[in-house]
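Take 12 as the starting number for the sequence shown in the numbering used here and just add one per residue.
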Amino acid sequence: MNSALVPNLDFRQEKTALPLKVENNSTGLSLQSRPSHTLVILDNRELDRQCLAQCMAAYKTDLLILAFESVEEWKRRCNEYPPLSAILLNIGGKKIDEPAVAGQIRSLASEFGAIPVIILADSDDFSQIVRAIEYGAKGYIPASVSISVCMELIALSVAGGVFVPASTLFAMRHLLESSNTTARPLAGIFTDRQAEVVEALRRGKANKIIAYELNLRESTVKVHVRNIMKKVKATNRTEVVFKLNDLFQSGISGASANRTPC
12 MNSALVPNLD
22 FRQEKTALPL
32 KVENNSTGLS
42 LQSRPSHTLV
52 ILDNRELDRQ
62 CLAQCMAAYK
72 TDLLILAFES
82 VEEWKRRCNE
92 YPPLSAILLN
102 IGGKKIDEPA
112 VAGQIRSLAS
122 EFGAIPVIIL
132 ADSDDFSQIV
142 RAIEYGAKGY
152 IPASVSISVC
162 MELIALSVAG
172 GVFVPASTLF
182 AMRHLLESSN
192 TTARPLAGIF
202 TDRQAEVVEA
212 LRRGKANKII
222 AYELNLREST
232 VKVHVRNIMK
242 KVKATNRTEV
252 VFKLNDLFQS
262 GISGASANRT
272 PC
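Below, the structure written as structure tokens:
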């Protein structure tokens, strides 16, 4: 069966029957007075995308809510609908840094340009949110918010804003504070440039990558690495990373011990 019609869905705010039409793995929620712009939900889980589309349609909005299994499905049907205003990519419990998810976000952001790509996900993990923005998303909505809040955040992205959860800002603040406390014990050991190389070494980056990111010659990076090894009395690269991590952990412990209790 290619299509199905579920009549008499009584939505509180619309106060009218709003039929749900399913065709070729896509879901379209059409109002009697068709809106001038479209919000496309992308989700390869049919039940999830249908339920989400119905819930969003219950909220008063100027957008036509459409749900598709993939962006390719949308492209084949896009001429049938009003202009696209935003794409909501629902990844559920998947991780942003999974290759398939990361590639999809980058691809959508690159292809649709000014059209905001917004991520809806189960997780509100700080690192996941930061990666989503790095990959080109214009917003990240955790599944813990209500439909009304979700719709308001989508409207914000359509207007040109970028949204991340408040928890991300608190996590960023904590990260900055932690960075400040760990930098103090090493301030008298390394120069500013060496400190940058130290951080790259701790992340396991190769000399070529460090040189590219810090705009240095690879030979200069090697000199910095040798000087760092001398300062921490390490004989090889593995040992220098181990000792650097030990220094950072000691710095954190020392800073915590010196804090005055509240």
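We treat Cβ as the ideally placed atom computed from N, Cα and C, and that holds for glycine.
Can you look up residue i in the DSSP assignment and give me helix, strand or coil?
| i | result |
| --- | --- |
| T231 | helix |
| P110 | helix |
| I126 | coil |
| A132 | strand |
| F201 | coil |
| T192 | The predicted model places T192 with a pLDDT of 47, which falls under 50 and marks its position as unreliable, so this point remains unresolved. |
| S41 | In this prediction, S41 has a pLDDT of 45, which is less than 50 and means its spatial position is unreliable; what the coordinates show is noted afterwards. Coil. |
| R214 | coil |
| K244 | coil |
Tell me the DSSP bridge mates of residue i?
| i | result |
| --- | --- |
| F137 | DSSP output for F137 lists no bridge partner at all. |
| L53 | F79 and L100 |
| L95 | T49 |
| L119 | For L119, which the question treats as bridged, DSSP gives no partner whatsoever. |
| L74 | H48 |
| F174 | G150 |
Please report the residue range of the alpha helix (DSSP H) in which residue i lies.
| i | result |
| --- | --- |
| I220 | N218 to L225 |
| I158 | I158 to V169 |
State yes or no: is the beta carbon of residue i nearer than 9 Å to at least one beta carbon in chain C?
| i | result |
| --- | --- |
| A69 | Judged by its chain identifiers, the structure shown contains no chain C, having just a single protein chain. |
Just how far apart, CA to CA, sit residue i and residue j?
| i | j | result |
| --- | --- | --- |
| V236 | I221 | 11 Å |
| K149 | F137 | 15 Å |
| T193 | N247 | Confidence at T193 is low in this model, with a pLDDT of 45, below 50, so the placement of that residue should be treated as unreliable; the coordinate-derived value is given next. Using only the alpha carbons, I get a separation of about 24 Å. |
| V173 | R228 | 36 Å |
| S118 | K254 | 40 Å |
| V160 | I129 | 14 Å |
| L74 | W85 | 16 Å |
| N35 | I102 | Unreliable positioning characterises N35 in this predicted model, as indicated by a pLDDT of 42, which lies under 50. A coordinate reading is not provided. |
| S157 | E91 | 30 Å |
| A217 | A206 | 16 Å |
| N55 | T202 | 51 Å |
| L167 | E210 | 36 Å |
| A245 | V251 | 5 Å |
| M97 | D108 | The question names Met, but residue 97 is Ala in the sequence shown. Distance between the alpha carbons of A97 and D108 is about 22 Å. |
| A69 | R214 | 47 Å |
How would you write the range of the beta strand (DSSP E) that residue i sits in, first residue to last?
| i | result |
| --- | --- |
| G150 | G150 to P153 |
Compute the beta-carbon to beta-carbon distance between residue i and residue j, rounded to the nearest angstrom, for a pair I have assumed lies under 8 Å.
| i | j | result |
| --- | --- | --- |
| L100 | L53 | 5 Å |
| P110 | D135 | Actually they do not touch by this definition, with Cβ atoms about 22 Å apart. |
| V208 | V232 | 6 Å |
| D133 | G104 | 5 Å |
| I165 | Y146 | Rounded, the Cβ-Cβ distance is 18 Å, inconsistent with contact. |
Following a CB-centred definition, is residue i positioned closer than 8 Å to any heavy atom of the ligand ADP?
| i | result |
| --- | --- |
| K216 | Ligands are entirely absent from the displayed structure, and the ligand ADP is therefore not among its contents. |
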